[in-house]
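Encoded as structure tokens, the structure appears first; notes follow it.
Residue numbers (UniProt numbering): 1 to 112.
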């Protein structure tokens, strides 16, 4: 009975050791995945922000060109409104991306 109890205790200790090793391995993998994700995410906003800014500039130029040269009729007014709506949508995306970028920078500061 004593020998069996000792064997169970040893088995439980061995299982706990294996669990601790696996837990440590999972925590390390989780840390690495988070670090990789953070690095990838931090690389995206500057590129996306540049692309959005370029798109906004193009929309603004097209709007200005249409306002100056397009005939004042329903079709050109409709096209102009469409461009303005697209510009507004790009501005919203730009604000959201800027906010996301600021939040990521703040998270990075807090981790250090």
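Beta carbons: idealized from backbone N, C-alpha and C, even for Gly.
Buried or exposed: where does residue i fall if 16 or more other Cβ atoms within 10 Å of its Cβ makes it buried?
| i | result |
| --- | --- |
| residue 52 | buried |
| residue 17 | exposed |
| residue 59 | buried |
| residue 68 | exposed |
| residue 90 | buried |
Within the same chain, show all residues whose beta-carbon is closer than 6 Å to that of residue i, passing over the 5 residues directly before and after it, in chain order.
| i | result |
| --- | --- |
| residue 108 | none |
| residue 63 | 83 |
So the alpha helix (DSSP H) residue i belongs to, where does it begin and stop?
| i | result |
| --- | --- |
| residue 79 | 74 to 111 |
Do you know whose CA, among the options, lies nearest residue i's CA?
| i | options | result |
| --- | --- | --- |
| residue 49 | 106, 14, 99, 29 | 99 |
| residue 55 | 94, 34, 77 | 94 |
| residue 106 | 78, 38, 85 | 38 |
Excluding sequence positions up to five away, which residues of its chain have a Cβ less than 8 Å from the Cβ of residue i?
| i | result |
| --- | --- |
| residue 34 | none |
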